[in-house]
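Asker: Quick one: this structure, given as structure tokens, is what I'll be asking you about.
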Amino acid sequence: MSRRNREKRAAKQKNRRRAAAERERLDSGPDRAGLIESLVVALSTAASHPADHAARYAADILGEFGAFPRDLDVAADRAVHEAIGAAWAHGWLPSDLHEAARRRLKSSDARYLDEAILLESQAYATASLHPRWRADLAEISSGVGPVGPSPQMWRWATTNGVGRSEAVSVVIRVLNLLGRLPTLGTLLPPPGTYRYTASTVSEADEKVLVKVRGLLAKAEATEFTDEAEALSAKAQELMSRYSLREAVADHERGRAPVALARRIWIENPYAAAKVVLVQAVSRANRCQAVWAENPGFVTIVGSDTDLNLVELLTTSLLVQANRAMLGAGRQSGSGAPTRTRSYRQSFLVAYAQRIGERLDSTSASVTEEVKRDARLLPVLAASSRAVDELVEHMFPSMTARSVTVSNGAGWGAGRAAADMAVLDVRDAIAG
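Sequential numbering from 3 applies to the sequence shown in this note's numbering.
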């Protein structure tokens, strides 16, 4: 070996030893902490730019910090988890983040955020999470499957077969979304702050909800519109009767009415028309509904029991309304203009309005029966005041808006589809 080659080899070995010593020095202590902090800042700064520039900023970060992959992995976790924590502090729930990501991110990016939400939740004791918060996490987990250990980024890249640049780009796009979220009203205690109290959901509540879910599942499964609407009406009457009786029982126990709020995310297209249906179901169940077009959800306000019914019934009726709309199009033949936006929006608005009328009638019938108990009137008045006060507190500047209907054929078909059922099902329930 020539002298020149020996010198080159010695120089390379010296450089490797120096690099190894530097890595060892950075493995712990203030220098590594400073590096990770610099990486968090770099990722957050990249995320402050338009999301379609993510690949360029990912390349810059790898060019500057590519020699520290472990630290970059840790920094990505920290940046994402801190951003998720900020979302919780601003009123967002796990289901809200999931829905926002599903609408605004690529599917791969949304899956990354779902997994990050589950990893971030491991920082809290299970008992310090509200039951509905835990239910949100369970729902997300059912779509993600088992999650691996932290840090997430490089493990996720390997699992999904993507390169380092794309993995960093995903993190930047996720941070971009999290950094642009508006502040929402607080619906649940933030994670880590919940303290258990005696459950307001009794065994009787669960039994009624199981019956209602069963009726609505049958309504969604049938191909016959009249049968679906009869089953939905039966669910409405069953829950209305139970809700009113529980309200009187709570009053006798000395419990003041408590209004709560939940969010229902609305799918496009025809979101405005679907909101009309949510509002109709809410009104029939002594709740109020307020639409936030952007981000894209309806906040419903009411008692816990009534909110349970509104959630169940709304979800089912949206499925049924869509099926009825598509079915009307098939029956009209290929020459009918049933696939235009004006037809379908008019159909859904008419369907929602007529369903609302029929649900109102069902609820009114039940209320008239229960009103024979003189205790009900003050209970209903107190419950209505509680709902009004919470709506005014959460939405001090809300405004009313109308939904345009411009297609007479769609309107007529929607009314007809909602009007086919005989909804007097008191005998069926009594039996």
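Backbone N, C-alpha and C fix where the C-beta goes; we use that ideal spot for every residue, glycine too.
Once DSSP output is grouped into helix, strand and coil, what is the label at VAL292?
Answerer: The residue given as residue 292 occupies position 290 in the sequence shown. Note: VAL292 maps to strand in three-state DSSP.
Asker: Tell me the rounded alpha-carbon separation between GLY181 and TRP94.
Answerer: On the sequence shown, position 179 is the one that residue 181 refers to. On the sequence shown, position 92 is the one that residue 94 refers to. Cα-Cα distance, rounded: 13 Å.
Asker: Exposed or buried, SER399, counting other C-beta atoms within 10 Å across all chains shown (16 or more means buried)?
Answerer: Taking the first residue of the sequence shown as 1, we reach residue 399 at position 397. Flag for SER399 reads exposed.
Asker: Who are the Cβ neighbours of LEU361 in its own chain at under 6 Å, not counting the five residues just before and after it?
Answerer: Here residue 361 refers to the residue found at position 359 when the sequence shown is read from its first residue. Here the set comprises GLN238, ALA286.
Asker: Pop quiz: THR364 and ALA273 are said to be a contact at Cβ under 8 Å. What is the actual Cβ separation, rounded to whole angstroms?
Answerer: Within the sequence shown, residue 364 is the residue found at index 362, counting from 1. Within the sequence shown, residue 273 is the residue found at index 271, counting from 1. Between ALA273 and THR364 the Cβ distance is about 26 Å, and since that is not below 8 Å, they are no contact.
Asker: State the DSSP-derived secondary structure class of VAL368, mapped to helix, strand or coil.
Answerer: The residue you call residue 368 lines up with position 366 of the sequence shown. Here VAL368 sits in helix by DSSP.
Asker: State the DSSP-derived secondary structure class of THR195, mapped to helix, strand or coil.
Answerer: Taking the sequence shown and counting its residues from 1, the one referred to as residue 195 is at position 193. THR195 falls in the coil class under three-state DSSP.
Asker: What residue from LEU45, VAL351, PRO71 has the CA that sits closest to TYR59's CA?
Answerer: As a position in the sequence shown, residue 59 is number 57, starting the count at 1. Per the C-alpha coordinates, the member of LEU45, VAL351, PRO71 positioned closest to TYR59 is LEU45.
Asker: Kindly list the residues whose CB is nearer than 6 Å to the CB of GLY358, restricted to its own chain and excluding five residues on each side of it in sequence; keep chain order.
Answerer: Along the sequence shown, read from residue 1 onward, the residue named residue 358 stands at position 356. Same-chain partners within the cutoff: ALA282.
Asker: Could you tell me if GLN154 is buried or exposed, where buried requires 16 or more neighbouring beta carbons within 10 angstroms of its beta carbon?
Answerer: Indexing the sequence shown from 1 puts residue 154 at position 152. Buried is the call here.
Asker: Per DSSP, which residues does VAL280 bridge with? Please list them.
Answerer: As a first step, residue 280 is located in the sequence shown; it is residue number 278 there, counting from the start. Note: VAL280 sits in no beta bridge, so no partner.
Asker: Relative to the C-alpha of GLY304, which candidate in ALA125, SER385, ARG175, GLN322 has its C-alpha closest?
Answerer: Taking the first residue of the sequence shown as 1, we reach residue 304 at position 302. Of the candidates ALA125, SER385, ARG175, GLN322, the one whose C-alpha sits nearest the C-alpha of GLY304 is SER385.
Asker: Please work out which residues of its chain come closer than 7 Å, Cβ to Cβ, to SER50, disregarding the five sequence neighbours upstream and downstream, and give them in chain order.
Answerer: Residue 50 sits at position 48 when you count from the first residue of the sequence shown. GLY181.
Asker: Using a Cβ-Cβ cutoff of less than 6 Å, which residues in the same chain neighbour ALA263 once the five nearest sequence positions on both sides are dropped?
Answerer: On the sequence shown, position 261 is the one that residue 263 refers to. For ALA263, where only same-chain residues beyond five positions count, the Cβ hits under 6 Å are LEU189, THR301, VAL303.
Asker: According to DSSP, PHE299 sits in a beta bridge with which residue or residues?
Answerer: On the sequence shown, residue 299 is found 297 positions in, with the first residue counted as 1. Bridge pairing for PHE299: TRP267, ALA294 [DSSP].
Asker: So what does DSSP say about GLY304, is it helix, strand or coil?
Answerer: Residue numbering aside, residue 304 sits at position 302 when the sequence shown is read from its first letter. The three-state secondary structure of GLY304, taken from DSSP, is strand.
Asker: Taking C-alpha atoms, which residue in ALA383, TRP293, HIS100, HIS395 lies nearest to ALA2?
Answerer: The structure shown does not extend to residue 2, since the chain is modelled only from 3 through 433, so no value can be given for it.
Asker: Rounded to whole angstroms, what is the Cα-Cα separation between ARG197 and LEU120?
Answerer: Counting from 1 along the sequence shown, the entry for residue 197 is found at position 195. Counting from 1 along the sequence shown, the entry for residue 120 is found at position 118. Computed Cα separation, rounded: 21 Å.
Asker: I'd like to check one pair, PRO259 with ARG387: are the Cβ atoms closer than 9 Å?
Answerer: Working through the sequence shown from its first residue, we reach residue 387 at position 385. Working through the sequence shown from its first residue, we reach residue 259 at position 257. Contact: yes.
Asker: For VAL43, which of LEU74, TRP135, ALA69 has the nearest alpha-carbon?
Answerer: Residue numbering aside, residue 43 sits at position 41 when the sequence shown is read from its first letter. Comparing Cα positions, the closest option is LEU74.
Asker: Take every Cβ of the segment 142 to 159, pair it with every Cβ of the segment 76 to 93, and state whether three or more of those distances are shorter than 8 Å.
Answerer: yes
Asker: With respect to the alpha helix (DSSP H) encompassing LEU66, which residues constitute its N-terminal and C-terminal limits?
Answerer: Here residue 66 refers to the residue found at position 64 of the sequence shown. Just to set this straight, residue 66 is Glu in the shown sequence, not Leu. Unbroken alpha helix (DSSP H) run through GLU66: 56 to 67.
Asker: In whole angstroms, give me the CA-to-CA distance for SER123 and ALA140.
Answerer: For this step, residue 123 is matched to residue 121 along the sequence shown. For this step, residue 140 is matched to residue 138 along the sequence shown. The alpha-carbon atoms of SER123 and ALA140 are separated by roughly 11 Å.
Asker: Using CA atoms only, rank isn't needed, just tell me which of GLY187, ARG136, HIS253, PRO148 is closest to LEU379.
Answerer: As a first step, residue 379 must be located in the sequence shown, where it is residue number 377. For the residues GLY187, ARG136, HIS253, PRO148, the minimum Cα distance to LEU379 belongs to HIS253.
Asker: Scan the segment 135 to 194 and note each continuous alpha helix (DSSP H) run of 4 residues or more that stays entirely inside, going in chain order.
Answerer: Restricted to the segment 135 to 194, the alpha helix (DSSP H) segments that are unbroken, complete and at least 4 residues in length are 155 to 162, 166 to 181, listed in chain order.
Asker: Relative to the C-alpha of ARG105, which residue among VAL389, THR369, GLY298 is closest?
Answerer: What you label residue 105 is simply residue 103 of the sequence shown in a count that begins at 1. Residue GLY298 is the option with its Cα nearest to ARG105.
Asker: Which of the three DSSP states, helix, strand or coil, is assigned to LEU107?
Answerer: For the purposes of this step, residue 107 is taken as residue 105 along the sequence shown, with counting starting at 1. Note: LEU107 maps to coil in three-state DSSP.
Asker: Closer than 6 Å by C-beta to HIS83: which residues in its own chain qualify, once you throw out the five before and the five after it? Chain order, please.
Answerer: Sequence index remark: in the sequence shown, residue 83 carries index 81 (1-based). The residues are GLU122.
Asker: Use the C-beta contact count for THR340: other C-beta atoms within 10 angstroms, 16 or more gives buried, fewer gives exposed.
Answerer: In the sequence shown, counting from the first residue as 1, residue 340 sits at position 338. The residue is buried, with at least 16 neighbouring Cβ atoms inside 10 Å.
Asker: Would you tell me roughly how many angstroms separate the C-alpha atoms of ALA23 and ALA169, rounded to the nearest one?
Answerer: One-based indexing of the sequence shown puts residue 23 at position 21. One-based indexing of the sequence shown puts residue 169 at position 167. Per-residue confidence for ALA23 stands at a pLDDT of 46, beneath the threshold of 50, marking its modelled position as unreliable; no derived number is given.
Asker: In this structure, how does DSSP classify LEU95 when only helix, strand and coil are distinguished?
Answerer: Numbered from its first residue, the sequence shown carries residue 95 at position 93. Three-state DSSP puts LEU95 in coil, outside helix and strand.
Asker: With H, G and I counted as helix, E and B as strand and the rest as coil, what does DSSP make of LEU211?
Answerer: The count along the sequence shown starts at 1 and reaches residue 211 at position 209. Reduced to three states, the DSSP call for LEU211 is helix.
Asker: In terms of residues, what are the limits of the alpha helix (DSSP H) holding ALA230?
Answerer: Taking the sequence shown and counting its residues from 1, one reaches residue 230 at position 228. From DSSP, the alpha helix (DSSP H) with ALA230 extends over 227 to 254.
Asker: Is DSSP giving LEU120 helix, strand or coil here?
Answerer: If you number the sequence shown from 1, residue 120 lands on position 118. DSSP places LEU120 in helix when its eight states are reduced to three.
Asker: Going straight from the alpha carbon of SER171 to that of PRO71, what length do you get?
Answerer: To locate residue 171, count along the sequence shown from 1; it is residue 169. To locate residue 71, count along the sequence shown from 1; it is residue 69. Taking the straight line from one Cα to the other gives about 15 Å.
Asker: Can you tell me where the alpha helix (DSSP H) holding VAL260 begins and where it ends?
Answerer: If you number the sequence shown from 1, residue 260 lands on position 258. Taken as a continuous stretch (DSSP letters only), VAL260 belongs to no alpha helix (DSSP H), as it is neither H nor E.
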